[in-house]
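Following: one structure in structure tokens, then a few remarks.
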Amino acid sequence: MASPALTHFLPRFGVAAAVVGFLSLTGCQINNHASQSLVPAFGVQPLKGLAQNVSVRRNSQGMPLIESSSFHDALFTLGYVHASDRFSQMVRLRLLAQGRLAELNGADALQTDRLMRSINLKKNASELYKSASPRLKRFFEVYARGVNAYVFRYRDKLPADLAQAGYKAEYWKPEDSALIFSLLSFGMSTNLQEELNTLVLAQKVGTDKLPWLVPTYPGEALPSAEADKLKGLNLSGQLQGLDSVTQALEQVTRLSMPGVTASSDWAFGPQRSRTGKSLLATDIHQPIGIPSAWSYVQIRAPKYQAAGASIAGLPTLFAGFNGKVAWGMSMAMGDNQDVFLEKLKRQGNSVYYLANGKWVPASVRNETFFIKGQRPIREALYETRHGPLLNNPLNSTLGLALQVPDFKGDKTLDAFFDLSRAQNSEAASDASREIRAVALNLLYADAQHIGWQLTGLYPNRREGLGLFPSPGWDSRYDWDGYADAMLHPYDQDPAQGWLGMANQRTAAYGYGMQLSNSWLSPERSERIAQLAASGRQDARSLIAMQYDQTTLFAPKLKAMLTAPGMAQPLKQAIAGLPAGEQVKAREALARLLAFDGKLSATSADAALYELFLQQSAEQTFLSALGPQNSASWKAFISNGNLSYSAQADHLLSREDSPFWDDAKTAQKEDKPTVLARSLVAAVNAAEQSMGPDHKAWQWGKLHHYVWRNAEGQTVRGPIAAGGDHTTLNMAAYNMGAGDFEATVIPAMRMIIDFGQIEPMMAQNSTGQSSNPASPHYADGIDPWLKGQYLSFPMQPQNFDKVYGKTRLTLTPGK
1 MASPALTHFL
11 PRFGVAAAVV
21 GFLSLTGCQI
31 NNHASQSLVP
41 AFGVQPLKGL
51 AQNVSVRRNS
61 QGMPLIESSS
71 FHDALFTLGY
81 VHASDRFSQM
91 VRLRLLAQGR
101 LAELNGADAL
111 QTDRLMRSIN
121 LKKNASELYK
131 SASPRLKRFF
141 EVYARGVNAY
151 VFRYRDKLPA
161 DLAQAGYKAE
171 YWKPEDSALI
181 FSLLSFGMST
191 NLQEELNTLV
201 LAQKVGTDKL
211 PWLVPTYPGE
221 ALPSAEADKL
231 KGLNLSGQLQ
241 GLDSVTQALE
251 QVTRLSMPGV
261 TASSDWAFGP
271 QRSRTGKSLL
281 ATDIHQPIGI
291 PSAWSYVQIR
301 APKYQAAGAS
311 IAGLPTLFAG
321 FNGKVAWGMS
331 MAMGDNQDVF
341 LEKLKRQGNS
351 VYYLANGKWV
361 PASVRNETFF
371 IKGQRPIREA
381 LYETRHGPLL
391 NNPLNSTLGL
401 ALQVPDFKGD
411 KTLDAFFDLS
421 RAQNSEAASD
431 ASREIRAVAL
441 NLLYADAQHI
451 GWQLTGLYPN
461 RREGLGLFPS
471 PGWDSRYDWD
481 GYADAMLHPY
491 DQDPAQGWLG
501 MANQRTAAYG
511 YGMQLSNSWL
521 SPERSERIAQ
531 LAASGRQDAR
541 SLIAMQYDQT
551 TLFAPKLKAM
561 LTAPGMAQPL
571 KQAIAGLPAG
581 EQVKAREALA
591 RLLAFDGKLS
601 ATSADAALYE
611 LFLQQSAEQT
621 FLSALGPQNS
631 ASWKAFISNG
641 NLSYSAQADH
651 LLSREDSPFW
661 DDAKTAQKED
671 KPTVLARSLV
681 AAVNAAEQSM
691 GPDHKAWQWG
701 KLHHYVWRNA
711 EGQTVRGPIA
721 AGGDHTTLNM
731 AAYNMGAGDF
741 EATVIPAMRM
751 IIDFGQIEPM
761 MAQNSTGQSS
771 NPASPHYADG
781 IDPWLKGQYL
791 SFPMQPQNFD
801 KVYGKTRLTL
811 TPGK
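Here the sequence shown is numbered in this note's numbering, starting from 1 and rising by one per residue.
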């Protein structure tokens, strides 16, 4: 019996209407393979596993509204819809998580597969799934059956990229969803790449200079004690395979692993709102590419309705709105992964590692790698008490062991479902406290309240910060359980009337738990605070915030350049330059001091400002870390993207850093000398790249968006971009890499204004589909560029306006 809430739409997609739709569909069939790989947007499809008819309507960008008479059928349909929209993405994410990409991509992916098999996400996924409630397991099972209904129907009509690669469709298992979640969790943890990069840099500059290259946050002491852990180790001679591991990890990131590379979310309470009701905004940042990790879906079923951002492969909404409660998330920058260096020795085919003065046998498991176009390879993978060895212990006397949290008994999967059903902020708070398997700044709101909860599972380290790798043979650095969840930072209805997170430090140094020491630059969070203080807010002002391209690093740079201890020495350094260079340096300095910090794509001063940042990085560090194609320079660039950068740290402070002096020259350089040279180099670079007319320079002539697919082929772009890594409208690039192509952008945006009749609006940065044959493959790019949002109505009388009346009816099949 259909619930009263659903009777308004059930008659309209009954069997008679479905038959008419089906007849219309058969009259215009297209026979080419590309179109056959698409699920039709209207008509009727019988699917075995459904109990009753289900309606799927889509908005102008193909985002689905699932209307069902039971939650069981809604979940089944969600699996079917996810697969029909994003099957290629689901396949690639599953193969990535399983360490099986070489089966699809050939030998080029073998290095990545070795890394992912070593990390062994399957182990964590198994714990998460085992720990889930029987209710949640049923949800995952029903969802998997929906995915498999698609696989069964379209196994011979797969999207072109899978068909051309010769992929043979495999059915989806409930555990596969837990595996995708484990991949997400792995990507949300910070500092692994940074720790590996630290070892590369230590080989180049030694442990004494290393702390200068890995600052933790503005104004904080350098991590000298962390570097001391590495003293006396022959990293160059004993540690083999580091390059392979770092390259594989970079490749994992390039494959658009569904982590949250950065992100922002903020909420305003009623006293800060123009309508007297709360607002919440969230945008999740990811490497630019097609498809984005996120896709939107709306579900309406008895006792359940919600709309929000999902990851295909998971029946979970990570950010969304259910009519009563809104929630969003940003990366907490939590460090709950540690690299341990292990002393190794071989005896035959056995590997031993040193632990507290004793040689202990490493455990071993054998893995078979199937490689497209080649014979299978069987290899042994080893594990110490700290975790799996990422490099090959048969070729190295130092191993890289990775320790990650143990998720036994974890209820995170249930908690996300409970969050999506919460009917008030108190229930949302209760659910968010149970999320342990992923490190997030989770914001939530109802019409009258706002709240923030840090989620995750964080180790208690007996000694050390976990910022640099630790000696595994010394138990002083071991983990001693996990921080009590009661210590996790949180806030509810703060007196200031707003909450804002942008990957900044959220726990003071020395706080009662070790949350992290790897934070992104503070300027985005400072800009949130600045705009939050500007008056009462509404949906329009939140859109303006999400598209804001003002950097607060520019005024900090100006303050440094004009400081009493810098202004005169810099003037003298410029006076010591050749006459022609003096003119350029003075012009550059004058324009930087006049720059308003607005990084619009058409700004000439923004172009000069960014070139100065780029050139100052090279002038300061390249002589010590280069050349530009070296592993050490690449590690330096990588670390600058992962957390607060040494380049920013040196520009604003660190006058006594050894890196101001170029050891390869006879004279001793200092900071003013390097800055003077950087000013000249910025003008020279601008003239070389944008021509001699200084007024015609534009930031967007250097800085571009380019969307590429999983194979690296350009789908859209280049398109002029504004902003950078310090702006709320993030458009990060690889500082010091020699070009300004945007690498990380807001992959999705969402705003909930409880003062509106229909509070939720959202957008994606690419399209709903990962199938190039779909009209919704890249149709989200233009609206994203133009600041256009789609409404997600909760009231049934508003569905037709957004989703229209055309529908695909799924009926019970035999």
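We put the CB at the ideal spot given by N, CA and C, even for glycine.
Values in this document were obtained by computation on a predicted structure and should not be read as measured data.
Within a Cβ cutoff of 6 Å, which residues of the same chain sit near residue i, ignoring the five residues on either side of it in sequence?
i	result
G106	K372, G373
V255	Note that residue 255 is Leu in the sequence shown, not Val. Cβ neighbours of L255 beyond the five flanking positions: L96.
T368	P376, R378
N124	S182, F407
W266	A281, G500, I528
G813	P46, L47, K48
H82	A312
T397	Q238, L344
G79	Y143, G146, V147
F230	The residue you asked about is not Phe; residue 230 is Leu in the sequence shown. Result list for L230: A202, T207, in chain order.
With DSSP as the reference, label residue i as helix, strand or coil.
i	result
V360	strand
T811	strand
G804	coil
V56	strand
A83	helix
D480	strand
Q298	strand
M794	coil
Q203	helix
L354	strand
A720	strand
W498	strand
N639	helix
G387	strand
G308	strand
H725	coil
K48	strand
G146	helix
A380	strand
V438	coil
K209	coil
Between residue i and residue j, which are expected to be in contact by the criterion C-beta below 8 Å, what is the C-beta distance as a whole number of angstroms?
i	j	result
S643	A502	Their Cβ separation, rounded to whole angstroms, is 13 Å, which puts S643 and A502 out of contact at 8 Å.
R94	L179	7 Å
Y490	Y458	That pair is no contact at about 14 Å.
F71	A431	17 Å between Cβ atoms; not a contact.
A635	N191	14 Å between Cβ atoms; not a contact.
A132	D414	6 Å
V297	P64	6 Å
Take residue i and list the residues in its own chain whose beta-carbon comes closer than 7 Å to its own, dropping the five residues that flank it on each side.
i	result
A585	I574, L577, A676, L679, V680
T112	L101, A248, Q251, V252
A447	K277, S278, F754
K411	S131, E434
A227	T207, L210, P211, F468
Can we count residue i as close to the ligand MN, meaning its CB is less than 7 Å from some heavy atom?
i	result
E367	The ligand MN is not part of this structure, which contains no ligands at all.
Should residue i be labelled buried (16 or more other beta-carbon atoms within 10 Å of its own) or exposed?
i	result
G232	exposed
W699	buried
V339	buried
Y477	buried
F370	exposed
T806	exposed
D208	exposed
Q795	exposed
Excluding the 5 residues flanking residue i on each side, which residues of the same chain have their C-beta closer than 8 Å to its C-beta?
i	result
N31	Confidence is the limiting factor: at N31 the pLDDT is only 42, short of 50, which leaves the residue's position unreliable, though a coordinate-based value still follows. Counting only Cβ-Cβ distances below 8 Å, and skipping sequence neighbours, we find nothing.
P159	S37, F87, S88, S770, N771, P772, A773
- [ ] May I ask you to verify whether the stretch 685-692 touches the stretch 515-531, counting CB pairs closer than 8 Å and requiring at least 3?
- [x] no
Open item on the list: Contact between the stretch 204-218 and the stretch 152-160 is defined here as three or more beta-carbon pairs at a separation below 8 Å; is this criterion met?
Closed with: no
Open item on the list: With three or more C-beta pairs closer than 8 Å as the rule, is the stretch 128-142 touching the stretch 157-175?
Closed with: yes
Open item on the list: Within 8 Å, do at least three Cβ pairs link the stretch 730-749 to the stretch 628-643?
Closed with: yes
Open item on the list: Assess contact between the stretch 778-787 and the stretch 566-573, defined as three or more Cβ pairs (one per stretch) separated by less than 8 Å. Is contact present?
Closed with: no
Open item on the list: Between the stretch 695-714 and the stretch 271-285, can you find at least three pairs of beta-carbon atoms closer than 8 Å?
Closed with: no
Open item on the list: Below 8 Å, how does it come out for the stretch 705-712 and the stretch 281-293: are there three or more Cβ pairs, yes or no?
Closed with: yes
TODO: Taking 8 Å as the threshold, find out whether the stretch 304-320 comes into contact with the stretch 797-805 through three or more Cβ pairs.
DONE: no
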